[in-house]
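Report on the structure given below.
In this note's numbering, the protein residues as written are 1383 to 1482.
Spelled out as structure tokens, the structure:
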């Protein structure tokens, strides 16, 4: 859905497309837009130097987190499910965040 509907390199647009799909088509196992705003605020307030995310799934939360971080912050995400890893990798490449 992301590759067909979102603008390449536009993190916020990709997040919005995933949110829209989750609200209108199928439930998704991600933080979503409502709780995601709380996550955004926590990152802005704490200004972390390193973030470790356990569980990537589609990479939605990763994109939300990365969108709040300056380039000098280390972000690591870990996912055990190989199918989720591949999907997230494709989305990260499309978003242009593989170097983060």
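Glycine included, every Cβ here is placed at the ideal spot set by N, Cα and C.
Can you tell me which of 1403, 1447, 1410 and 1406 puts its alpha carbon nearest to the alpha carbon of residue 1418?
Taking the chain shown and counting its residues from 1, one reaches residue 1418 at position 36. When each option's Cα is compared against that of residue 1418, the closest is 1447.
Distance, Cα to Cα, residue 1467 vs residue 1461?
Here residue 1467 corresponds to residue number 85 of the chain shown, with the count starting at 1. Here residue 1461 corresponds to residue number 79 of the chain shown, with the count starting at 1. C-alpha separation (whole angstroms): 6 Å.
Please report the straight-line C-alpha distance between residue 1395 and residue 1389, rounded to a whole angstrom.
Sequence index remark: in the chain shown, residue 1395 carries index 13 (1-based). Sequence index remark: in the chain shown, residue 1389 carries index 7 (1-based). Spanning the two alpha carbons is a distance of roughly 6 Å.
How far does the alpha helix (DSSP H) with residue 1406 in it extend, from its first residue to its last?
What you label residue 1406 is simply residue 24 of the chain shown in a count that begins at 1. From DSSP, the alpha helix (DSSP H) with residue 1406 extends over 1393-1406.
Quick check: the Cα distance between residue 1392 and residue 1477, rounded to an integer number of angstroms?
Numbered from its first residue, the chain shown carries residue 1392 at position 10. Numbered from its first residue, the chain shown carries residue 1477 at position 95. Cα to Cα, the separation comes out at about 6 Å.
Which of the three DSSP states, helix, strand or coil, is assigned to residue 1421?
Numbered from its first residue, the chain shown carries residue 1421 at position 39. In the structure shown, residue 1421 sits in a helix (DSSP, three-state: H, G or I).
Taking the beta strand (DSSP E) that residue 1447 belongs to, which residues open and close that run?
In the chain shown, counting from the first residue as 1, residue 1447 sits at position 65. Note, residue 1447: premise wrong, no beta strand (DSSP E); alpha helix (DSSP H) at 1442-1449.
Secondary structure at residue 1468, three-state DSSP: helix, strand or coil?
As a position in the chain shown, residue 1468 is number 86, starting the count at 1. Three-state DSSP puts residue 1468 in a helix.
Classify residue 1475 as helix, strand or coil using the three-state DSSP reduction.
Working through the chain shown from its first residue, we reach residue 1475 at position 93. Residue state, collapsed to three classes: helix.
Check residue 1486 in the structure and name its three-state DSSP category.
With the chain running from 1383 to 1482 in the structure shown, residue 1486 is simply not present.
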